[in-house]
Structures are given as C-alpha cells and as structure tokens.
Amino acid sequence: MFELRGTALIAVILIASGLDFLLFGYDQGLFGGILGGHRFKTMLGDPSPTMTGLVTGVYDIGCALGAVAAFIWGEQLGRKRSIILANIIVIVGAAVQTACYSYGQMIGGRIIGGIGVGLSTVAVPILQSETLPSHNRGALLVVQSALIIIGVAIASWLCFATLYAQSSLQWRFPIACQILFSLLVLGCCPFLPETPRWLAKHGKIEEARHTISRLLNKPEDDPEVKGQLNEILEAINAENEDGEPSWAETFSNATKSRNLHRVLLGMGPYMMNQWSGINALCYYLAYILQTYLNFSTSMSLILTSAAFTQYAIFSWPPYFYIDKIGRRWTVIWSSIGCAICMAVIAGCLISQTYATASAAVAFMFIYLDAFTLGILPVSWSYSAEIQPLRVRNKSTAVGVFSHWMSNFVVVMVTPIGLSSIGGNYFWIWAIVCASFVPLTYFFGVETSGRTLEQIDTMFIDGPRVCMGLDKNHTKVIRATAADEENRYRAFAKLDEKDSASQVEVVETTAKI
C-alpha cells in the first residue's frame, strides 16, 4: 500500500528530505533565540561567553559523532534505515533537552540529538543524489537547502512568541518542537525506497530494477529502466576491478576513481558553508544585535526573525538557475557577495553610531541573502554527487564530519571573538570568503546535468589536480528529461550477454 511511483515518489523523497533538513535549520535558529531569555540563562547558571559557546557548539560535536557512525555503519544500514535510526535518536535527544534542569543535562541532550542529525545529514543527500533525475537534480536539491532556512525562521519566530512566557515554557516548548519534525520524517519513511545504486551494489539487482521502474513510473522491461540499470551495473563492475573497498581506500588516490581527490573536493563546499561565517550570524544574530548594537531583547528577536524570514525567501531563486549556470559559478558569485558584506559589516562596527549600526544590520541581511543564493544549496548536494559509489557513504561522511567540526569551532569561538575584538571579528570572514573564489575556479569540477556515472568518468579518464582549468570538467550540461531518457535507452541496447554478465559479477561480489 506504500508503493508510490513517478512524481508522487519523487515528491515524498523531497518532503522527507526537506523535513529532515528543516529540523537541522530549526536547531540553528533555536539557540540564538532562547539564549536571549532570562529563564533559560538562569537554568544554565548564567554561563560565561565561553560556556555559552560550549553549550551551543557541543551539538556540533554530536553531529560529528553521527557522521563517524555513518562512516562506520552507514553502508551496511543503507540510506533509508539510516534516516529512520537518525530520527529516533533525535527524538531521544530532544526529550532529554526538554526535560533538563541543569547545564550538564543540556550538554548531554544536545550531544545525543546531534548524533541523530549528523547521521541523517550523511544519508539524506546520498538518498537524493541517487534517486533524483540528473537533468534537474540541482534544482530539486535547492528545496532541501531552502527548508533549512525555513527551519531557522520558524525557530526564530517561535522563540520570540514564547519570550515573555512566565515559566520554563519560554524555552522548553521551542526545544520540544524538534520531536514533531522528526515524527513527521518518520511518517514519510514507509513511502521511501532504498536507492537503486545501493541495492545494485549489494547484489539486489531485481529490487534495484523495480525501484528504478518506480522512480521513472515505467514498466520494468522498459528500455529506459534497463538502460539506467545497465549504466549503474557498468559503473559497479568498473569499481569492482579494484577489489573490496577498505576504509583506508577512502583516503587514497591509488584507484581508478581517485578517491582522496574526490573526498577533498567534496569537503570543499562543506567547509565553505561553515568558514563563510554563516553560523556566526545564524546562531548569534540576536545576541550580536542586543550585546554589540544595543538593541532591546524584543527588538533583537524581531529583527532576527525578519532577517531569517527574508533569508528563507531568498533560498528559493537558485531553483531556477543552479542547473543553468552550474555549481561552480553559483559558489563563486555567492562568495564574492559574502566577502563584500562581511567587509562592510566589519567597517560599520568600528564606531557604533546609529547610522553605522543601521548599515551593519542592513548588510547582515544582505549577507544572508548572498549566502543562501549560492554557497548553501551547493554545499549540501555537491559532495554526494562527486563521490564514487563504492565509497560514497564513507566519503560523504568525511565531508559531513568536516562540516560539523568546523561548525563547532565557529560557534564556540564566536562569543569569545566578539568579546575580544568586537566588530573586527568580521574581517576574518571577509578574507576567508574571498579565498573561496580562486579555490572554486581552479579546483572545482561541474556536476550540473551529469549523471553520477558521468561524473565518475571525468575522474577516471581525465584526472588532474587543477581540474577546474579543463573545459571538459567545467562545462555545464543543460540536459532535458528527453536527453536523459535517450541516454538510458542507449545503454539499454547493450548486448544481453554483457548485461547478464554484469548482473552475475555484481551479485557474486555482493555475496563475497
């Protein structure tokens, strides 16, 4: 009764993935809002800036541990079961946080919740990259990143709504809402398929064929279904020539698919996401407005909520251009905008007059828009697209681990940096954002319009360090659904003997 097909199946994949990332975004906005409440700070024991940074950032340590769990067990669990387990863990962590009465309990609850989010942020991008059509995969993945920001905005407005509650409801209710989002994800899970690439890799060829037919909404004997399965099997067979994958192989270039090279490329956008300074604002915008620009608590939360609402609105335009101009130039233009905004914010905070404070707030708003128009949507899709199938789960987990550890560092040092050097703290982010431009131009490869197997071919046939200087690696393929169908139909014309041989090899390898 749960077997959806075609557009309905793609829709439920996007809904489940979006709700999962909405939860992630909700947490980003959550602590920035409740930290302004007197009752919450009293319960924590009126923490110092360092302890404030720790209780906020320790969540990211939990997320990093979740990525490690995905690295070790994610491939055995599969994409779907990883998502189910992750959300059960999130519910446990949110329950502990909601019921806590001390700083230590809050630390423990945030670590537990973080483990669940870390596990899901590995599984969800892989699930999407392995099931969504290649011709508009980038546009569909924008939905996921947009819902991160909607989660931030919901958290901010909800924290403002409960700010004046005359009890611990002020912070317990916003924290408890994490449980609701995870329950919604779990409600979608019976409708989710396991990905055809994971099924094929583990020798479940007929199940993979059936899942492809569901995704395409075509019969199992349709040439397009056969062609997509043939392409997947061909890629698996090519990878199997290197033998069974080991953990160390993830960090080695001594393979046809250049795993280490692709791990580093996949880590790039994850690192850019955090080292752009985005969470110095997402977690602490209300705190910055209140502490360093002398706004009242209520006005700080109103401005923060308005900023995040605008942030959510501007997260949707990439849907219309990310597959047209490509991932590389989307990141480059976004990085330029972020660097300019951070430099202006730093300059405005040198002298805190009414005019400079107003300008600083305005450019904080613009910075959020510049970030969500480019760096954000690419960062959560690129790594899963770029990694080879045989180590995709492990390689993506490494990228997610780097993301969460970077997030922890940023969240931990921001209160300390602001209290030590004030507005000059933003010069750091301006310089780092500017460095993303040459890094992306020289080293980034383009994934727009390419199937995951075509991306494999780039690294097998034309590897080099500065792959961004090769026009074949940076060309944007503006494919249509018809182009994608014709490509798979061409693969369906493979000799039946070759297809049978591929199935036999994959099934034998999976059994071993």
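Note that numbering that gives the first Met the number 0 has the sequence shown beginning at 0, numbered continuously upward.
Note that the Cβ used here is the ideal one computed from N, Cα and C, for glycine as well.
Asked	Found
Would you mind working out which of GLY113, ALA356, GLN227 sits nearest TYR291, comparing C-alpha positions?	ALA356
Identify whether PRO317 lies in helix, strand or coil by the three-state DSSP scheme.	helix
Using a 10 Å radius around the Cβ and a threshold of 16 neighbouring Cβ atoms, would you call ALA145 buried or exposed?	buried
For SER405 versus MET270, is the C-beta distance shorter than 8 Å?	yes
Report yes if the C-beta distance between THR194 and LYS393 is below 8 Å; otherwise report no.	no
Where do the N-terminal and C-terminal ends of the alpha helix (DSSP H) with VAL408 fall, by residue?	391 to 420
Do the segment 285 to 299 and the segment 101 to 110 make contact, defined as three or more Cβ pairs closer than 8 Å?	no
Hey, could you find the ends of the alpha helix (DSSP H) HIS260 is sitting in?	258 to 274
Would you mind listing the alpha helix (DSSP H) stretches within the segment 280 to 349 that are 4+ residues and don't spill past its ends, in chain order?	284 to 290, 296 to 312, 317 to 347
Relative to the alpha-carbon of ILE90, which residue among LEU22, ALA285, LEU302, PHE442 has its alpha-carbon at the smallest distance?	LEU22
Mind checking if GLY36 is an interface residue toward chain C, Cβ cutoff 8 Å exclusive?	Any reference to chain C falls outside this structure, which holds one protein chain only.
On the criterion of 16 or more Cβ atoms from any shown chain inside 10 Å, does VAL505 qualify as buried, or is it exposed?	Interpretation of VAL505 is limited by its pLDDT of 48, a score under 50 that renders its predicted location unreliable; no figure is taken from the coordinates.
Would you mind stating whether GLY56 and MET411 have Cβ atoms separated by less than 8 Å?	yes
Are there 16 or more other CB atoms within 10 angstroms of the CB of ILE114, so buried, or fewer, so exposed?	buried
Just how far apart, CA to CA, sit VAL116 and PHE190?	21 Å
Among GLY36, ILE71, ILE87, which has the Cα closest to the Cα of LEU157?	GLY36
Secondary structure at ASN485, three-state DSSP: helix, strand or coil?	helix
Could you work out which residue in TYR163, LEU126, ALA481, SER419 is closest to ILE9 when comparing CA atoms only?	LEU126
In chain order, what residues of the same chain lie with their CB nearer than 8 Å to the CB of LEU18, ignoring the 5 residues before and after it?	LEU146, PHE180, LEU183, VAL184, CYS187
Quick check on the burial criterion: 16 or more other C-beta atoms within 10 angstroms. Buried or exposed for GLY373?	buried
Given ILE301, which residues of its chain have a CB within under 6 Å of its CB, disregarding the five upstream and five downstream residues?	none
Shortest alpha-carbon distance to MET42 belongs to which of PRO268, GLY77, GLN169?	GLN169
Under 6 Å Cβ to Cβ from GLU74, same chain only, skipping five residues before and after it: list those, please.	ASN392
Roughly how far, in whole angstroms, is the beta-carbon of ALA66 from the beta-carbon of TRP403, given that I think they are within contact range, below 8 Å?	6 Å
Out of ILE459, LYS225, CYS281, which one is the CA nearest neighbour of PRO576?	In the structure as shown, the chain begins at 0 and stops at 511. Residue 576 is therefore absent and cannot be evaluated.
Under a three-way DSSP split, which group does TYR163 fall into?	coil
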